[in-house]
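Notes follow once the structure below has been shown.
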Amino acid sequence: MRKVKLCEARPIRLTRPTAWRHYRAVVPRSGIDVGDPWEAIEACYARGWTDGLPVVPPTETLVDAMLSAGPWAPGDVLLHEPVRDRAVTAEKAAINAVMAGCRPEYFPVVGVALQAIGDPAFMLHGPATSTGGSALMVIVNGPIAGKLELNAGANLFGPGARANATIGRTLRLVLLNCLECCPGVLDKSTQGWAGKYSLCFAEDEAQSPWEPLSVSRGVPTGHSAVTVFAAESGHNVLSHGTRDPERLLTGFADALAGLGSLSPGRSVIVFAPEHAQHLRRAGWRRLQVQQWLYDHAWRSLADLKRGGKVEPAFYTNPQLVDWLYRDSPGGLPTRSFVPADADHIAPADEAVRVHRGLGPEDILLAVGGGAAGGHSAFFPSWSRGRSVPFVTKEVPV
Amino acid sequence: MTRILDPTLSDAAAPASLARAPRPHTLRGLTVGLLANGKSNGMALLDGIVGRLRERHDIGDVVRAAKNNASSPMSEEDVERLAKRCAVVITAIGD
Numbered sequence: 015m016r017k018v019k020l021c022e023a024r025p026i027r028l029t030r031p032t033a034w035r036h037y038r039a040v041v042p043r044s045g046i047d048v049g050d051p052w053e054a055i056e057a058c059y060a061r062g063w064t065d066g067l068p069v070v071p072p073t074e075t076l077v078d079a080m081l082s083a084g085p086w087a088p089g090d091v092l093l094h095e096p097v098r099d100r101a102v103t104a105e106k107a108a109i110n111a112v113m114a115g116c117r118p119e120y121f122p123v124v125g126v127a128l129q130a131i132g133d134p135a136f137m138l139h140g141p142a143t144s145t146g147g148s149a150l151m152v153i154v155n156g157p158i159a160g161k162l163e164l165n166a167g168a169n170l171f172g173p174g175a176r177a178n179a180t181i182g183r184t185l186r187l188v189l190l191n192c193l194e195c196c197p198g199v200l201d202k203s204t205q206g207w208a209g210k211y212s213l214c215f216a217e218d219e220a221q222s223p224w225e226p227l228s229v230s231r232g233v234p235t236g237h238s239a240v241t242v243f244a245a246e247s248g249h250n251v252l253s254h255g256t257r258d259p260e261r262l263l264t265g266f267a268d269a270l271a272g273l274g275s276l277s278p279g280r281s282v283i284v285f286a287p288e289h290a291q292h293l294r295r296a297g298w299r300r301l302q303v304q305q306w307l308y309d310h311a312w313r314s315l316a317d318l319k320r321g322g323k324v325e326p327a328f329y330t331n332p333q334l335v336d337w338l339y340r341d342s343p344g345g346l347p348t349r350s351f352v353p354a355d356a357d358h359i360a361p362a363d364e365a366v367r368v369h370r371g372l373g374p375e376d377i378l379l380a381v382g383g384g385a386a387g388g389h390s391a392f393f394p395s396w397s398r399g400r401s402v403p404f405v406t407k408e409v410p411v
Numbered sequence: 008m009t010r011i012l013d014p015t016l017s018d019a020a021a022p023a024s025l026a027r028a029p030r031p032h033t034l035r036g037l038t039v040g041l042l043a044n045g046k047s048n049g050m051a052l053l054d055g056i057v058g059r060l061r062e063r064h065d066i067g068d069v070v071r072a073a074k075n076n077a078s079s080p081m082s083e084e085d086v087e088r089l090a091k092r093c094a095v096v097i098t099a100i101g102d
């Protein structure tokens, strides 16, 4: 029988003893008593405390170690979901981080990612519950990515790296356990997708032709940050036959303009290093790429109608009317709309260009993946409306 | 034995806002609030329900409110308006 070599486990240490250690003495922690780890795992299943995969039993020692690695006191609220008025404290976050398999040093990233999805602008209730079935994407920038050995390279969105797998998984466990996003009950995802288990990765800043994503979003150079997005499943954009930036980006624009996901929502593009190098050689700037993609990612209004993408209710929503007609040769029609307009294809509709998103800033660019291969990814937003914005937050030192 | 900790909010204090209001025994003559959740057809669905309520229960006035976005909480103004004027409120998602 082949021998399996096990990696040496790094010890978990309590790194930052603080006054809140006395917390346990004054606030009893609810939980269950179990005989051994296997019983603990099954007990978590029995109580519905998992995402379907086994969890690490959250013992008090492990939870304390997790808490001690972050700057928060156990009672600090990291995430408040206002629609259902649920508050997730650092202690609850730490319990779920242990269960997800995080090491304590991941906790500052976990905590700030929870703060980011809890930002009121992110409107978490939508992506957490909608039929759209989005995943919570976490992109990590800065020195902490290397320190935690977050994968920015091969198999970027796939399995293999503990930090990627467990940080992303913690967000989902918090949604399941704390926000009660039970599939089919509160989480009404029609299909969902595998990224809902976990979708966390680092940007490969060394391979990027541009400043790190976090810097483009206002974080000082050299600081660590997370950027979150509510993402539909990724679309592989493969291109091996050109180094010309416009020809290369044509495939991306075509993916962005696909009727299946065409909406006024935002997009994330993660360029493979190979594609990023083509853009670097051509000297294309970040904004130039965003602008080119926005300009070329469109379908005619007639095409949208042919594909049944225009609903009568769109015409009663000023935001959606603005989206449909913002690149129309004649501007916004002056007449009033009637519900039948959604189906009727007028000759003028052939000349109305309906773009994905509302402008170039709606297309977020990052770089990551293996050194070989012309495989990049496009992730659309989750809704047929505007959906939710990108949110970037600095990781506390 | 080892203690494992509860990852849910079941041990947190229930939000005060979840306390139930007294239930009316009849809808006759009562002002009914309609809260659409911000999806495309929420109000259309509620209007259909109001039609039935008028036929069957002889309800009084109707006050309408709609969230701007299904992902957001309703506005404080709408909460106050519905709370002040309505005896019952019906909410709906209509997609």
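Chains as they are written, first to last, in this note's numbering: chain V, 15 to 411; chain F, 8 to 102. Yeah, the Cβ is synthetic: ideal placement off N, Cα and C, and Gly gets one too. All of these numbers come straight from a predicted model, not from anything done at the bench.
Contacts with chain F at 9 Å (Cβ-Cβ) do not include GLY66/V. Interface annotation for the segment 72 to 83 of chain F against chain V: ASN76, ALA77, SER78, SER79 and PRO80, criterion Cβ-Cβ distance under 8 Å. If you ignore the 5 residues before and after LEU34/F, its C-beta comes within less than 6 Å of the C-beta of HIS64 and ILE66, all in its own chain and listed in chain order. Closest in C-alpha terms to PRO96/V, from the list ALA142/V, VAL70/V, LEU67/V and TYR120/V, comes ALA142/V. Annotated as proximal: HIS369/V and ALA311/V, with beta-carbon spacing under 9 Å. Bounds of the beta strand (DSSP E) holding LEU378/V are 377 to 381. Secondary structure of ALA28/F (DSSP, three-state): coil. By the 16-neighbour rule on beta-carbons within 10 angstroms, PRO287/V is buried.
Distance from ALA130/V to VAL240/V at the Cβ level is roughly 6 Å; contact confirmed, criterion being Cβ atoms closer than 8 Å. Taking the Cβ atoms as the reference, MET151/V lies roughly 4 Å from ALA245/V, within the contact range of under 8 Å. Taking TRP298/V as the centre and dropping the five residues before and after it, the same chain places the C-beta of PRO259 closer than 6 Å to its C-beta, in chain order. Judged by their CB atoms, PRO157/V and SER238/V are nearer to each other than the 9 Å cut-off. Cβ contact annotation for LYS319/V (same chain, cutoff 8 Å, sequence separation greater than five): ALA356, ASP357, HIS358, ILE359 and ASP363, in chain order. Contact of ILE56/F with chain V is not assigned, every C-beta pair being separated by 9 Å or more. Partner residues in the beta bridge of PHE243/V, as assigned by DSSP, are MET151/V. Of all alpha-carbon atoms in GLU219/V, PHE136/V, ASN191/V and TRP396/V, the one lying nearest the alpha-carbon of THR235/V is that of GLU219/V.
A direct Cα-to-Cα measurement between VAL70/F and ARG61/F gives close to 14 Å.
Classified as buried, GLY399/V has 16 or more neighbouring CB atoms from the shown chains inside 10 Å of its CB.
9 Å or more divides the Cβ of PHE215/V from the Cβ of LEU378/V. Boundaries of the alpha helix (DSSP H) around CYS58/V: 51 to 60.
Residue burial annotation: HIS139/V is buried, with at least 16 other C-beta atoms found within 10 angstroms of its C-beta. Excluding sequence positions up to five before and after HIS389/V, its CB lies within less than 6 Å of the CB of ASN250, LEU252 and ALA286, all in the same chain and listed in chain order. The segment 345 to 352 of chain V makes no contact with the segment 254 to 270 of chain V, as fewer than three CB pairs between them are under 8 Å. Below the 8 Å Cβ cutoff, chain V contributes no neighbours of ILE66/F, its closest Cβ being approximately 26 Å away. Only residues of its own chain outside the window of five on either side were considered, and among them VAL405 and LYS407 have a CB closer than 8 Å to the CB of ASP133/V, listed in chain order. For a Cβ distance threshold of 9 Å, residue set ARG43, GLY45, ILE46, ASP47, VAL48, THR73 and GLU74 of chain V lies close to ARG10/F, ordered along the chain. Residue contact with chain F for LYS106/V: present (Cβ-Cβ distance below 9 Å to some residue of chain F). One alpha carbon belongs to ARG340/V, the other to ILE55/V, and they sit about 54 Å apart.
Among the residues facing chain V, LEU16/F is included, as its CB has a counterpart in that chain under 9 Å away.
The beta carbons of VAL199/V and ASN110/V sit no closer together than 9 Å. Counting other Cβ atoms within 10 Å of its Cβ, VAL233/V reaches 16 or more and is therefore classed as buried. For ASN191/V and PRO14/F, the gap between their C-alpha atoms comes out near 6 Å. Contact of SER277/V with chain F is not assigned, every C-beta pair being separated by 9 Å or more. Residues VAL70, LEU89, CYS93 and VAL96 of the same chain have their beta carbon placed closer than 6 Å to that of GLY40/F, with the five preceding and five following residues left out of the count. The Cβ atoms of VAL124/V and LEU170/V lie no closer than 9 Å to each other.
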